[in-house]
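Since the structure comes first, as structure tokens, the remarks are kept for the end.
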Amino acid sequence: MVVSRFNAFITERLFQSTLDGLLRSGANKKDIALVRVPGAFEIPSAARTLAETKKYDAIICLGCLIRGDTAHYDVIVNEVTRGIGQSAQETGVPHAFGVLTCDTLEQAIDRAGLKMGNKGFEAALAAIEMANLKQAVSEKQVSRSARNDKGAKARKAKSVRASASKKRK
Ligand code: INI
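Numbering-wise, the working numbering puts 161 at position 114 of the sequence shown, and it's gapless, one number per residue.
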């Protein structure tokens with residue numbers, strides 16, 4: 048998990064709910080790594096560093112951006128979204144996007160455990176689903192290529208037998 052400290056009142060609630068979602072789904076606490084970063088802007092680079100180790104089944108990114116009076120929010124929000132997506136696509140490791148992008152603090156509170164549920168819990172479930180999907184696809188590919196190998200070996204053996212019997216004749 049990569050959790051930003053900015054707006055910690057919200058991100059700590061997202062974090063607790065993410066942890067709850069993972070543990071309820073059967074994850075072991077010892078298999079969960081937590082990295083804290085200063086703000087949402089720092090999430091993509093930390094996520095990428097973790098993803099590149101190839102040690103993790105998924106990366107869960109948690110943060111909270113609240114629109115202010117300046118363009119700061121707009122600049123950061125695009126960069127964070129793009130950076131997390133890019134890290135997911137370029138490393139092949141699933142990334143869950145649990146970064147709230149809100150106009151007001153009230154909206155953020157609603158999404159961190161009040162009216163709109165908790166986006167941290169949703170991020171946990173999304174990460175598990177995508178990690179399982181990735182594993183299922185790669186297992187299918189392995190068994191398909193094993194089947195192809197077997198088929199190719201059998202065909203080769205057959206043609207060797209056929210040419211040996213031709214030579215005998
Ligand atoms: N970081 C956030 O996580 N949320 C915000 O709402 C926010 N605003 O509004 O400024 C924010 N800014 C800090 C930024 O993410 C970086 O940590 C900072 O610019 C240092 O690189």
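Positions of the beta carbon are idealized from the N, C-alpha and C atoms, including for glycine.
Query, Result
"What separation, rounded to the nearest whole angstrom, lies between the Cα atoms of L70 and A155?", "24 angstroms"
"According to DSSP, simplified to helix, strand and coil, what is S72?", "coil"
"Assuming A80 and C108 form a contact by the criterion Cβ under 8 angstroms, report the distance between their Cβ atoms to the nearest whole angstrom.", "Actually they are not in contact, since the Cβ atoms of A80 and C108 sit about 13 angstroms apart, beyond 8 angstroms."
"I'd like the list of long-range same chain contacts for E99, defined as Cβ closer than 7 angstroms, with 5 residues on each side in sequence excluded.", "T138"
"Could you check how far apart the C-beta atoms of S51 and I113 are, in whole angstroms? I think they sit under 8 angstroms.", "That pair is no contact at about 12 angstroms."
"Using CA coordinates, which residue listed in V49, D121, M177, G198 is at the minimum distance from D150?", "D121"
"Return yes when at least one heavy atom of the ligand INI lies under 7 angstroms from the C-beta of C111, else no.", "yes"
"In whole angstroms, what is the alpha-carbon distance linking A174 and K166?", "12 angstroms"
"Exposed or buried, N75, counting other C-beta atoms within 10 Å across all chains shown (16 or more means buried)?", "exposed"
"Per DSSP, N165 forms a beta bridge with which residues?", "A159"
"Which residue from N125, E176, V140 puts its Cα closest to that of L147?", "N125"
"CA-CA distance, G130 and R191?", "34 angstroms"
"Considering T117, what are the terminal residues of the beta strand (DSSP E) in which it resides?", "Taken as a continuous stretch (DSSP letters only), T117 belongs to no beta strand (DSSP E), as it is neither H nor E."
"With respect to 7 angstroms, is the separation between the Cβ of F168 and the closest non-hydrogen atom of the ligand INI below this value?", "no"
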